[in-house]
Every structure is written in structure tokens, then in C-alpha cells.
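What follows is a single structure, written as C-alpha cells, with notes after it.
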Amino acid sequence: MSRNGRLSLRKPSVFVSGFGFQAVVLSAFVLSCLTVFGWACWKGLWFLSFCDEGEHLLGGRMLNEGGRLYVSYVDSHGPVIFMLSQFYGALFGWHFPQGARLLLPVLALMAAACLSVTSALSDVRHRVLASTVFIGGIASYWLMDAFYMVSFYPVAGFLAVCLLALFVVPAWFGKTPSVLPSALAGICLILILGCAYAYGPGMLLIVIPALWLLARKQGDRAIRAFASGAVLAVLMLGLWFWRYSDFGSFVVFHILFNQIAYAPLIHFGPKTFLLSLVPSFRGEEFYPTLAHLILAASLPMLLYRRPGRNRVAILIGFAGILLLNARAAAGFKDGQTLIMAFALAGLALGGCLERQAGSSRILSRAALTGSIGMVLALWGSSHLATNTPFSWSYHDSTHKPPYTIYQPIDDAISLKVRSLVPPGQPILMLPYMPEFYWMADRRPPYGYYEYLPWDAVYARHPVPGYPHDLCQNLLTDPPPLIGYTPETDPTSLTVRPFFNCIKERLATLYMPVEGFPSLHVLRPRENQSRVSPP
Numbered sequence: 271m272s273r274n275g276r277l278s279l280r281k282p283s284v285f286v287s288g289f290g291f292q293a294v295v296l297s298a299f300v301l302s303c304l305t306v307f308g309w310a311c312w313k314g315l316w317f318l319s320f321c322d323e324g325e326h327l328l329g330g331r332m333l334n335e336g337g338r339l340y341v342s343y344v345d346s347h348g349p350v351i352f353m354l355s356q357f358y359g360a361l362f363g364w365h366f367p368q369g370a371r372l373l374l375p376v377l378a379l380m381a382a383a384c385l386s387v388t389s390a391l392s393d394v395r396h397r398v399l400a401s402t403v404f405i406g407g408i409a410s411y412w413l414m415d416a417f418y419m420v421s422f423y424p425v426a427g428f429l430a431v432c433l434l435a436l437f438v439v440p441a442w443f444g445k446t447p448s449v450l451p452s453a454l455a456g457i458c459l460i461l462i463l464g465c466a467y468a469y470g471p472g473m474l475l476i477v478i479p480a481l482w483l484l485a486r487k488q489g490d491r492a493i494r495a496f497a498s499g500a501v502l503a504v505l506m507l508g509l510w511f512w513r514y515s516d517f518g519s520f521v522v523f524h525i526l527f528n529q530i531a532y533a534p535l536i537h538f539g540p541k542t543f544l545l546s547l548v549p550s551f552r553g554e555e556f557y558p559t560l561a562h563l564i565l566a567a568s569l570p571m572l573l574y575r576r577p578g579r580n581r582v583a584i585l586i587g588f589a590g591i592l593l594l595n596a597r598a599a600a601g602f603k604d605g606q607t608l609i610m611a612f613a614l615a616g617l618a619l620g621g622c623l624e625r626q627a628g629s630s631r632i633l634s635r636a637a638l639t640g641s642i643g644m645v646l647a648l649w650g651s652s653h654l655a656t657n658t659p660f661s662w663s664y665h666d667s668t669h670k671p672p673y674t675i676y677q678p679i680d681d682a683i684s685l686k687v688r689s690l691v692p693p694g695q696p697i698l699m700l701p702y703m704p705e706f707y708w709m710a711d712r713r714p715p716y717g718y719y720e721y722l723p724w725d726a727v728y729a730r731h732p733v734p735g736y737p738h739d740l741c742q743n744l745l746t747d748p749p750p751l752i753g754y755t756p757e758t759d760p761t762s763l764t765v766r767p768f769f770n771c772i773k774e775r776l777a778t779l780y781m782p783v784e785g786f787p788s789l790h791v792l793r794p795r796e797n798q799s800r801v802s803p804p
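Residue numbers 271 to 804, in my numbering, belong to the letters of the sequence shown in order.
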């Protein structure tokens, strides 16, 4: 109504109409990314598996059945992934092992929720866009880079996004996180270190500069809360170790084993790490290159109009993110870096625009346009990559028929194993096929489920008090059945010299099963040849 009493028919302001249109586009953008993410998670639930996942699920089941990690189930990976699979088994049982993959979407959504409430960004629309860019990115690569697998790479990546959103990036942006987010970030830090000890150096470079920035801003409450969360997580892990593991064995078989036996065989070192930073779009090398390009594009936006000390902290933090892949792994084994890159891309765009001078309408439009462009670029780039670890195209990966992993199956060899070995008796599958224990519905023997080159290296140079030598163990406590599939390829494991002692044990202690040359049953004691240890 106008001042003279006449009805006013003026058009609504440009801002209101613009915001209304943007709200519709934003809603459609969020819904589209969530839909694609849900579809990718469903496809991933029924997708093919890789052997690493098999050992994680097998370890969780062994823990559910009274085993102790690094003692009765010896593995070189960190405890957190086994804790997660054990948690799944305790809740739902093991009738549907691949259901444990649903833990990964839960962790991904938890990371997205942390982005949506981060104190690093002031505008709620920017926080929503940051979380949507993240969801769109991981949806694009959920199958291609094996984010669906029950493995510590994506788990560490999602936890690291929570740490960045709740604590580190706010400190980079000159904000002081509140107590609860800081405490949760401290818990995430310890869980990340529990995924793999190799993440330690990178995490120090990410966290320490953030603590330094907060200390300069008198952010003592945030620092104390962060430390309290870390201490609480350490206590929780300590209780778990007391019940389900052994700390000394953890140090030996997760840290020292990897350094003594494993690292020399993968050419671990500064040169390998530096060479991994050279861009390459061939095969699995596409993934770390993509992560580095996204990080490189995000860095200027994060540095934009920041004080000098904040820029130093950001640069050190980025060095830490790169160092999380210190072993220079390619493909899905670099998944944590790519996951963090998706999150930082959204945070960087929002943080850069909030430093700009201009109207809110212009900023929100730029943020929305940039976010949509990012997700479309990520989705498009996923069609250029090959799936890891199977080297399939995007079309191949998304059109694979549903596949059920690790159920007891009734093929000829699994039925034969079950007929020869009663429930409760162990079998051993060599050199490495953890899924076979699921297929045959039998468990591995105490302390052993594989035999790989680094196992032989460690057996020759064990840590005092922690022997782990399958060849010697077969002399004293042989399982009733061993599955062994020899290969003739000169590069295969079974024809390398380290496998000679296993062949000798099979020849003297076991005999092949008629009709199943890969199966070997234990000879009667009176028929076993007398051999001396090699």
C-alpha cells in the first residue's frame, strides 16, 4: 500500500528474486549430488573386492571369535580398520560380510556434516556448498578409486576431512573453533594415526601449525579441548588393546615389520616420494596427480588475503597432506589424499569469496556457479580414469553385474575343503588369498593367513621375542589342509626363491588331494618325511 492509500504493484527486489532462484538451483544441486552419491554407494555395496579388504574383514571376524590382533591374527595394517569391521560383525554378524561397506558411506556423510557446520566459513550457504562439492567429488570417484572398500585409506581420508573442517581450516582462516568441535578433532587425529603409523609425520605438519595459530590468538580453550579429545581417544584405544590386542605386538608387526621387511621391497624413500609428485595420467597414477592438481588449484584461494603467519601454516599443512602418501602409492592406496582434496576445494572456494568485497548476492552466485563447475569437472574427469585396482573404464565399472563377496559358496573346491576339514579346524591358503577362508567357511591357523616376500624377510631377521616364521611353524603345528596354487610366471610369488621352504614343507608333510591339485592334506605322522629346518 502506498502513502496515498493506493495499492502498490511494484516488482520484488532483484535480491529477493535472485535469492529465490539461487535457492532452487542450490536445492537441485544438493539433491543431485546426494542422489548420485547414494547410487554410487549402492553400486559399491555389490562391487568386486580386492584382497586387502578380505584381510580386514577376516581380521574383524577373528576378533569377534576371540582372536587377538597382532597375536593370533598377525597383520601389518593399523588397528582402526579391524576395529570397524569387528564393530560391524558384533552388530550384524557375518552372514553378509560386504554389508561392512555401509560403514564407508556413514563416515563420508559424517565428514560432509562436519563441513556443513565448520566455523571456517561464516555464510551457511558456503558451508552447504563446501559439503556438496565434497559429496559430488567422492560420488564421482566412489567406484573408480575404491572408496567403497573396507580399507584404511578411505577411512583415514574421511576422518582427516573431519579434522580439517572442525579444527585445522578454522585456524588457517583466523577463527577459533569451539570446545566440542575441537575435542572431536582430537579424537579424529588419534583414529587417523590408528589407521596407519605412516600418517604420523603428515599429521604433525597439519596439526602443529594450527595449534601455533590458535596459541597466538589465545585459543587456549580450543587447544585444551583438542588435547582432551586426543587423550580420550588414546584411553579408548588402550582399553581396546587390553582386550583385543597386544601393544608390543602392535609395535613389532605394524611399525617395525613394515620398516624392516616391507619398506625395502617397495623402494620406500625420498626419491620415490619426490618422483610421485611428477604429474602423470597413466593408469593408477592418474589419482595422485588429480589430487595434487586439485590441491594446487585450492592453495591460492586458501592463501588469498591471509596474514603471513596463516599462509605459513597453510603451506606447512599442505606439505603434511602430501606427506600422508609418504610411500608414494598410486590408485586407491592414495585415496586419503584425493578425499581431502575434494573437501579443501569446497572450503577454499568459500573462504576466498568471503574475503571479497561486494554484495552478498554476487558472492552467493559466484560460490554456487563455482561449486557446480567443480563437481561437473570432477565427474567429467572420472570418465578419463581407469578403475583401481581393476583397470576398468567408468562405463565398465558402472555396468558390472551385482557381486556378492566372501559368502560360503558351494563350488567344487569349497565343498571339498569343507568335507576334508571339520568346522573349528583351520586351513591355510598360500601365498595370499584371504577371501578363500570366507568361501570355504574355515579359519586360518593361529598367527598365519598368508606368506609373502616380506614375511620371509622378517623370519630371517625377527625382533627378539616376536618370532613369525611360517616355515618353522609348519614343522611344529601344521594345519590339516593347505591350499596352494603354483604359478609359472617368472614374476609370480610362488616361483620366487623365498617360497622354496614352503614347497619343501608341502612335499614332505602334505600330499595332494586327488582331483584337486591345489589342495594338500596333512600326511599321517608315520608317513611324514624327516626333514631338518632349512
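All C-beta atoms in this analysis are idealised placements derived from N, C-alpha and C, irrespective of residue type, glycine included.
Does the beta-carbon distance from residue i to residue j come in below 7 Å?
i, j, result
"Thr249", "Phe612", "Shown here, the chain extends from 271 to 804; a query on residue 249 therefore has no answer."
"Leu623", "Ala636", "yes"
"Met699", "Gly753", "yes"
"Pro558", "Ala600", "yes"
"Ser389", "Ala453", "no"
"Leu792", "Pro756", "no"
"Tyr718", "Leu740", "yes"
"Leu484", "Ala495", "no"
"Ala598", "Thr639", "no"
"Gly359", "Gly330", "yes"
"Ile586", "Leu475", "yes"
"Tyr676", "Pro367", "yes"
Span of the beta strand (DSSP E) holding residue i?
i, result
"Phe786", "786-792"
"Tyr514", "No beta strand (DSSP E) holds Tyr514; the alpha helix (DSSP H) holding it covers 490-514."
Just the C-alpha distance for residue i and residue j, rounded to the nearest angstrom, thanks.
i, j, result
"Pro447", "Ser386", "14 Å"
"Val431", "Phe422", "14 Å"
"Arg730", "Ile536", "18 Å"
"Met703", "Val504", "33 Å"
"Arg795", "Gln529", "39 Å"
"Pro570", "Gly616", "13 Å"
"Leu300", "Ser788", "Note that residue 300 is Val in the sequence shown here, rather than Leu. C-alpha separation (whole angstroms): 52 Å."
"Thr305", "Phe538", "40 Å"
"Leu763", "Asp666", "29 Å"
"Pro693", "Arg713", "9 Å"
"Leu608", "Gly427", "8 Å"
"Pro672", "Ala409", "18 Å"
"Val376", "Thr778", "50 Å"
"Pro715", "Pro696", "5 Å"
"Asn580", "Gly406", "29 Å"
"His365", "Met644", "40 Å"
"Gly553", "Asn595", "18 Å"
"Asp345", "Cys303", "37 Å"
What residue range does the alpha helix (DSSP H) around residue i cover?
i, result
"Gly456", "449-465"
"Pro558", "556-573"
"Tyr780", "It is not in any alpha helix (DSSP H) - Tyr780 instead sits in the beta strand (DSSP E) that spans 780-783."
"Leu592", "578-593"
"Glu624", "605-624"
"Leu481", "470-486"
"Leu333", "321-334"
"His665", "664-668"
"Tyr411", "394-411"
"Gly518", "517-520"
"Phe352", "349-362"
"Trp442", "439-442"
"Ala381", "373-386"
"Pro723", "723-730"
"Phe706", "705-710"
Classify residue i as helix, strand or coil using the three-state DSSP reduction.
i, result
"Gly717", "coil"
"Pro678", "coil"
"His418", "The residue asked about is misnamed: residue 418 is Tyr in this sequence, not His. Three-state DSSP puts Tyr418 in coil, outside helix and strand."
"Tyr809", "No information on residue 809 is available, as it lies outside the stretch 271 to 804 that the chain covers here."
"Met806", "Only positions 271 to 804 of the chain appear in this structure, which leaves residue 806 out of reach."
"Gly539", "coil"
"Gly753", "strand"
"Asp739", "coil"
"Leu544", "helix"
"Ala600", "coil"
"Met271", "Residue confidence for Met271 is low, a pLDDT of 44 falling below 50, so the modelled location carries little weight; the figure read from the coordinates is stated next. Correct three-state label for Met271: coil."
"Ala693", "Sequence check: residue 693 is Pro here, not Ala. Note: Pro693 maps to coil in three-state DSSP."
"Asn657", "coil"
"Lys445", "coil"
"Phe317", "coil"
I'd like to know if the region 764-777 and the region 716-731 are in contact, where contact means that at least 3 CB-CB pairs between them fall below 8 Å. yes
Does the region 586-599 come close enough to the region 476-488 to have 3 or more Cβ pairs within less than 8 Å? yes
Are three or more beta carbon pairs between the region 368-375 and the region 395-402 nearer than 8 Å? No, the region 368-375 does not touch the region 395-402.
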